[in-house]
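Engineer: Following this message is one structure expressed as structure tokens.
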DNA sequence: TTATATACATAAGAAAATTATGTATATAAA
DNA sequence: TTTATATACATAATTTTCTTATGTATATAA
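Chains as they are written, first to last, in this note's numbering: chain A, 1 to 112; chain B, 1001 to 1112.
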């Protein structure tokens, strides 16, 4: 999933849900480019990870899709459902807790 | 590996290496208790994850072991080798980068 | 004597990625 | 003109890393 890092395992769904909460609707390729842009090329979302993740989130009812043809190419737009928004809130909190505890364990926050 | 979180996947080696860099030598069970203590019971290291990870780090030359019998029970103490210390520094930097980028992606750091 | 804590270990299975492959169109470069 | 790159989707095989379950063994508290 990344340039040299396998630490992002488990965070993909959270990242996707958060991006969709900020962007109303996005298509797969757009998500890969957005992640690339935000991380300045450090994190490259692999298609083999992204598309199955999107399908899973859709199957679980967290995402809704609309398909469009733009420039003769197919685009499958994803947007957050009601429950997807709830899931985003939950997963975001879990991610915050995770970061806090990882920082504790790795002694990255001085207890000034 | 955790109470309700699968986000820690991939961070176990880093956590172990960091703890060993701070404690000179530790044995497996001690590591599980240390992690439990630091995270206030939130993160419970599973033995099925920890012991294979220790064996792998040892096989790669990052850890050295000495075995002792205490109270009639076996203890296998692990300590960082020279290369293990280097690996710890590398993995710690990767973890820092990972956290920073995850915070960027999840919009957890206001750009004040 | 039963449960819990200490202390190690490994095998089977699940989950989530990577890598590789496939289809298809548009455009820039050689 | 044909080759590479970008856009846009998808899935299968494999790998990695974890969880769950199981096993051995001693000490102590209920």
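Note that the Cβ used here is the ideal one computed from N, Cα and C, for glycine as well.
Under 8 Å between beta-carbons, which chain A residues line up against residue 1018 (chain B)? List them in chain order, please.
Structural biologist: Neighbours of residue 1018 (chain B) on chain A, chain order: 105, 106 and 107.
Engineer: How far does the beta strand (DSSP E) with residue 79 (chain A) in it extend, from its first residue to its last?
Structural biologist: Looking at the DSSP string, the run of the beta strand (DSSP E) that includes residue 79 (chain A) is 73-80.
Engineer: Verify the CB distance criterion: does residue 35 (chain A) have a CB-CB separation below 8 Å to chain B?
Structural biologist: At least one chain B Cβ lies under 8 Å of residue 35 (chain A).
Engineer: Run through DSSP, which three-state label would residue 88 (chain A) get?
Structural biologist: Looking at residue 88 (chain A) - three-state DSSP - the assignment turns out to be helix.
Engineer: What do you get for residue 35 (chain A), buried or exposed, if any count of 16 or more other CB atoms within 10 angstroms of its CB means buried?
Structural biologist: That one is buried.
Engineer: Note down the Cα distance separating residue 76 (chain A) from residue 40 (chain A), rounded to an integer number of angstroms.
Structural biologist: In a straight line, the C-alpha of residue 76 (chain A) is about 25 Å away from that of residue 40 (chain A).
Engineer: Could you have a look at residue 1014 (chain B) and say whether DSSP puts it in helix, strand or coil?
Structural biologist: Correct three-state label for residue 1014 (chain B): helix.
Engineer: Around the Cβ of residue 1063 (chain B), are there at least 16 other Cβ atoms within 10 angstroms (buried) or fewer (exposed)?
Structural biologist: That one is buried.
Engineer: For residue 1056 (chain B), does the count of other Cβ atoms within 10 angstroms reach 16, so buried, or fall short, so exposed?
Structural biologist: Exposed, because fewer than 16 other Cβ atoms sit within 10 Å of the Cβ of residue 1056 (chain B).
Engineer: Would a C-beta distance cut-off of 8 Å place residue 1080 (chain B) and residue 1012 (chain B) closer than the cut-off?
Structural biologist: Not closer than 8 Å, so no.
Engineer: Could you name the residues of chain A that residue 1101 (chain B) contacts, counting a contact when the two beta carbons are closer than 7 Å?
Structural biologist: The contacting residues are 39, 42 and 43.
Engineer: Enumerate in chain order the residues of its own chain whose CB-to-CB distance from residue 1028 (chain B) is below 8 Å, with the five nearest sequence positions on each side excluded.
Structural biologist: Cβ within range, chain order: 1047, 1050, 1051, 1054, 1076 and 1078.
Engineer: How long is the line joining the alpha carbons of residue 117 (chain A) and residue 103 (chain A), rounded to whole angstroms?
Structural biologist: Given a span of 1 to 112 for chain A in the structure shown, any question on residue 117 (chain A) remains unanswerable.
Engineer: At 7 Å on the CB atoms, spell out the chain B contacts of residue 10 (chain A), in chain order.
Structural biologist: Chain B residues near residue 10 (chain A): 1006, 1007 and 1009.
Engineer: For the alpha helix (DSSP H) holding residue 1030 (chain B), just list the boundary residues, first then last.
Structural biologist: Per DSSP, residue 1030 (chain B) belongs to the alpha helix (DSSP H) from 1028-1038.
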